[in-house]
Every structure is written in C-alpha cells, then in structure tokens.
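Residue numbers (the working numbering), protein chains in the order written: chain B, 25 to 392; chain R, -5 to 194. Ideal placement from N, C-alpha and C gives every residue a C-beta, glycine not left out. Notes follow once the structure below has been shown.
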Ligand SMILES: Nc1ncnc2c1ncn2[C@@H]1O[C@H](COP(=O)(O)OP(=O)(O)O)[C@@H](O)[C@H]1O
Ligand SMILES: [Mg+2]
Ligand SMILES: [Zn+2]
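Printed below as a string of structure tokens:
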C-alpha cells in the first residue's frame, strides 16, 4: 500500500498543501522550520488518528484558525482507500470520512493506511517518561488490533468518568458505592489491554532483539520488558478488582485512579540492566531504530505488506550509517518518506528515489 | 481561504438551527435559506404548528414519552403486555423500538445516563419513578440503553437495584453496533437485539 495523494488544510504551518508522492522513496528536502516534521506527523495521523508528539488535536490546528483537515488516498492491490479527518474547534470534535462516507465511529478509520515513523526524538521513548512509551506502543498496536483499540477507547472513557466521580466523592457529593459501576469497566477493559500489551510487547521484544544483535554484531542483548501497573494472572479479573479495591481510599484522596493500564510502563534492557542507566547515545539510538524496525517487520508480517515508513530528519552521519545498515534487514519493497535538510543525502534505502522540496503551491519535485 | 459565515440575523438563524441534533452547519444554512426564501403564508403556518405542537404535547406522567394527554397511548393500551417494562435513555428510542414490531410491553425513559463528567448523578434520572412502577405485576425489566460506557454503567446500576426486588432484568444483546445510539439502529438490528436479550 502506498500513499498517492495527501491534502492538508490548516494543519500546523500548512494553510493548504497538496502532495502526490511516488510509491518508492520520497526524499523531502527543506531548511529547519519549514514543516518537514509536520508533514510526516500528518501522514502518521492518517494512520492512527493520533499525533506522534502532540496530545491534543487542537495543537495540530494552524494558529488562529478554527478547523483543520487531513486527507489521504492510498492505493493497494485491493483498490483505493480514502481517509479524511476534519477537526472543528468549536464543537471540539472530529468528523471522519472513509471513501467519502461519513463514519459513525472514528476508530473504524484507524490503521487503514498503516505507517511507522522513525524520528530523532525516538530517544525519548527509550529514556523518557512512561507516557512516551505508552503513546508509541498504543499507536503501534492500535493500527493492527481492532479489539485492543476498542478496549483502549472504552477504558479511557471509563477512566475519565471514574476520575470525575472520585472528585465528587472527595467533596462529599456522592457515595463511595457509586464507583462500582465504573470499576467494572476498568476491570473488564483493563484486563484486555494488559493481556494484549503483554502479547504485542513480547513479540516486539523478540524481533527487536534480533535486529539489535544483527546491527551491533551482538555484544549485548536487547530486551523489552512489560511492566503492567496491574498484574494479570490466570484469574486476572479477580486480581485487578482486588487491587482496585485496595487503593480506593488513595484514589478518593487524590481524586484520580492510581492504578491501571494508564500507568503501565515497559523498559528497555541491555543485558539485565535498564538501558536508560547504561546505554550511550549511540546505543540508545540503535535501540530505538531496532524497536521501530521491529514494529515495521511485525506490521508487515501481520498485514501482508510493509507499512509506509516515515524517516524524519535524517541528517547526521551517525544516523545514516546506522540506518543504512538497519534497512538492509528489511529488504521488502514499500513506500518511504525521508525528510532532511541535506540536498546531498545518499539514499539509505533501496528503491527509486525522488527528491522533493516545499514551494508555495505545495510540494514539488526537485530537478537537479 | 477563510470560511465565510452568514452575518447578522441570518447568521443568528443558522446558528440556532445548527443547535438541533444531527444538523451540521451546511444543513443549517440550507434550512435557513429555504425558510427565508419561502412565502409568508408557509412561515406563518409553520410557526403556528410549532406553537400548537408545543402546547398540545407534554410528557407522559408514567413513561415520560411525548404524549397528547397526561398518560400516553402505550401506557393506556390494555392490550399491551403489562408485565414488561423496557428502559430507554430518551423518548426518541421508544419510536425506534416500536418500529421493530418485536416488543409489546411498556416503556420508561430515564431522560439521560449516569455521567459524572457531565455532573449527571443517578438522582438526576427518572430512576425513582421507574422503581415506583415496578410493582407486583412486572416480571421483566428490559434495559435498552446505548452500548456506550455510560450506558453500561447505568444498566449495571439499574440491574443492582431491580434485582433486589426479585424481578428479572435483561438487556439487549450486542447486535447493536457498539458506540452508536439506539435511535440510529435500523429495525432489523433492534429486532435481533431484542430477541437475543440476556439476563443481567
Ligand atoms: N499549530 C501551528 N500553527 C502554525 N504553525 C505551526 C503550528 N505548529 C507548528 N508550527 C510551525 O511549524 C514550524 C515547524 O515545523 P517542523 O515541521 O517542526 O519543521 P522542520 O522542517 O524543522 O521539521 C515552525 O515554524 C512552527 O512555528
Ligand atoms: Mg523536524
Ligand atoms: Zn406513557
């Protein structure tokens, strides 16, 4: 599958932009601040309906405007798929169109145009806060696993309600017993999320570990270890329920839910040691690349074709060496977007390369 | 390219119309233009009808449906199965379920769902009224709320209360598309969901 048409309207710094990329390697050259990351962010947004860096849709809207729209048409052997998301600030909501028809539920649009984004900021999910890792893992799993996405969206809705109720209880406006109907959802969807995360992260760990070994020559072993906030055993439902009960007083005192998948983490281990404690900058970058390659590989295996690869800001020699080694490990053909400030960027990935630059009328091909 | 909105009184009219459920800005504009461009007699008749409907119709004292008298036709109809009550979020859902032709019992509108985020507590809903209606004759309460997390939580809350009275509680089977409201489901879907209802 490849993206053959992209239209952005009042998205970030683009008032209106149209782009018709090729189905091979698209290298987009432009100075810092011109909107390269924003462009890849928009493609990622088409895949998962989430930004890889912003946590609200409002941030994605051009400053001073009150709506934005992202539309992409992708082509595959099965035909075209047309995904369009409009955001309206006034109503604080999004409207989605799939092949021109308005969808009842936005989550039906997730994963229609699958992609994986490699970014220099990927260091943050190895070293940064757990929320970064959760975002990355959710964006990945959501594109592949419909039931996970369903559980996640219902979990989040339940969590907001439970937290709102905790605040009411805290101020004496409701009885503690009213929590029960929300605890039920936390337990049911929480259990499903934890089980699925365990499975997907386990799979990613195996593949990422193999890539890391191949790229580094195998001095140290890379592992991803899932650390759920709530343990899921065989009789999982009971376990989560008991745990939730045991923290009830804390939850009421703090006014929010203190345990659950929204507090999950997973760690990168080098050997037996937490990577954030021992890894050098270069090793951390390689771990991030191995992790992204693993996502790409698993998505490819699962979907039957490689997802669209988005490589943001490929400039440093270090990255180029690492990446060109790394990409030998996923030789399958597929569409790639590379952004860079360098006009002399050597192709790091095989395929027919087209160079593009930003112009007032959109993105145009560079003639050498 | 900035979006152009109608200004002044016309803009006010469009804005008011777009407040109705299911009406987007574009449809609101089309309706507003059509109203203003139509002849004066049509506008007068239409506003007279609106006034007449508003004063002739009120809520049924029992089920909460829209009714021409104090008690609605369904609640008065002796031929209906008076051992069953179907609980819905709002009166509009009654219309959808009636269309399915599958159900012959009574109804009860809660006028909302429990939602702490919107400050809606169980006390704010017509739950007390429902409990009063569940007398010796009622054998089954069918909960037909939206399959949202708020619908699920409210169903569970009701089921706990009703089961204490030794009355059977069922809910619609998940033939309904999760996340969409009952009013939007077609008759076949509702019929199947009613047939496959499960005990809570
Ligand atoms: N919501 C927004 N509205 C308008 N401009 C924005 C918005 N968000 C980011 N920008 C602008 O986008 C530019 C950065 O784009 P970015 O994609 O990060 O550039 P780069 O090409 O360096 O990757 C900055 O000039 C920033 O001011
Ligand atoms: Mg950038
Ligand atoms: Zn009635």
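Around the CB of residue 38 (chain R), fewer than 16 other CB atoms lie within 10 Å, so the residue is classed as exposed. For residue 127 (chain B), no beta strand (DSSP E) encloses it, and the DSSP letter there is neither H nor E.
Of all residues in the segment 209 to 227 of chain B, only 209 come within less than 8 Å of chain R when Cβ atoms are compared, listed by chain position. In terms of side-chain proximity, the C-beta atom of residue 83 (chain B) is found no nearer than 7 Å to any non-hydrogen atom of ligand 2. Following the DSSP letters along the chain, one finds residue 176 (chain B) inside the alpha helix (DSSP H) bounded by residues 170 to 194. The alpha-carbon separation between residue 149 (chain B) and residue 160 (chain B) amounts to approximately 8 Å.
Taking a contact to require three or more Cβ pairs closer than 8 Å, the segment 133 to 142 of chain B and the segment 283 to 296 of chain B do not qualify as touching. A buried status is given to residue 252 (chain B), since no fewer than 16 other beta-carbon atoms sit within 10 Å of its beta-carbon. In this structure, the CA atom of residue 195 (chain B) is about 14 Å from the CA atom of residue 202 (chain B). At a cut-off of 8 Å between beta-carbon atoms, residue 130 (chain R) makes no contact with chain B. Contact between residue 121 (chain R) and residue 104 (chain R) holds, since their C-beta atoms are separated by about 7 Å, short of 8 Å. Judged by the Cβ position, residue 105 (chain R) fails to qualify as a neighbour of ligand 3 at the 7 Å threshold, every heavy atom of the ligand being at least this far. Neighbours of residue 151 (chain R) across chain B, judged by C-beta separation under 7 Å: 205. About 7 Å separates the beta carbons of residue 335 (chain B) and residue 361 (chain B), which is inside the 8 Å limit, making them a contact pair.
The Cβ atoms of residue 53 (chain R) and residue 60 (chain R) lie closer than 8 Å to each other.
Excluding residues up to 5 positions away in sequence, 294 and 295 lie with their Cβ nearer than 6 Å to the Cβ of residue 244 (chain B) in the same chain. Excluding its 5 nearest sequence neighbours in each direction, residue 278 (chain B) has C-beta neighbours in its own chain below 8 Å: 190, listed in chain order.
The beta-carbon separation of residue 390 (chain B) and residue 168 (chain B), rounded to 35 Å, does not stay under the 8 Å limit for a contact. In this structure, residue 75 (chain B) sits away from residue 91 (chain B), with a CB-CB distance that is not shorter than 8 Å. If you draw a straight line from the Cα of residue 119 (chain R) to the Cα of residue 110 (chain R), it comes to about 13 Å. Residue 88 (chain B) and residue 107 (chain B) have their C-alpha atoms some 25 Å from each other. Against chain R, the CB of residue 181 (chain B) has a partner CB under 8 Å away; the residue lies at that interface. In terms of Cβ geometry, residue 119 (chain B) and residue 72 (chain B) do not form a close pair [threshold 8 Å].
Contact with chain R is found for residue 185 (chain B), since one of that chain's Cβ atoms lies less than 8 Å from the residue's Cβ. In the three-state reduction of the DSSP assignment, residue 311 (chain B) falls in the helix class. Residue contact check for residue 189 (chain B) against chain R: a CB pair falls below 8 Å.
About 10 Å separates the CB atoms of residue 236 (chain B) and residue 248 (chain B); that is not less than 8 Å, and the two are not in contact.
Annotation for residue 24 (chain R): the continuous alpha helix (DSSP H) segment containing it runs 19 to 31.
The criterion of a C-beta distance shorter than 8 Å is not satisfied by residue 187 (chain R) and residue 155 (chain R). In the DSSP annotation of this structure, residue 235 (chain B) is not part of any beta strand (DSSP E); the continuous alpha helix (DSSP H) holding it starts and ends at 204 to 240. Residue 5 (chain R) and residue 48 (chain R) have their C-alpha atoms roughly 25 Å apart.
For residue 148 (chain B), the enclosing alpha helix (DSSP H) begins and ends at 147 to 151. With the criterion set as a beta carbon lying under 9 Å from some beta carbon of chain B, the members of the segment 110 to 134 of chain R are 110, 111, 112, 113, 115 and 116, in sequence order. Within the model, the alpha-carbon separation for residue 319 (chain B) versus residue 268 (chain B) is close to 32 Å. Residue contact check for residue 318 (chain B) against chain R: no CB pair falls below 8 Å. DSSP, read as helix, strand or coil, puts residue 111 (chain B) in strand.
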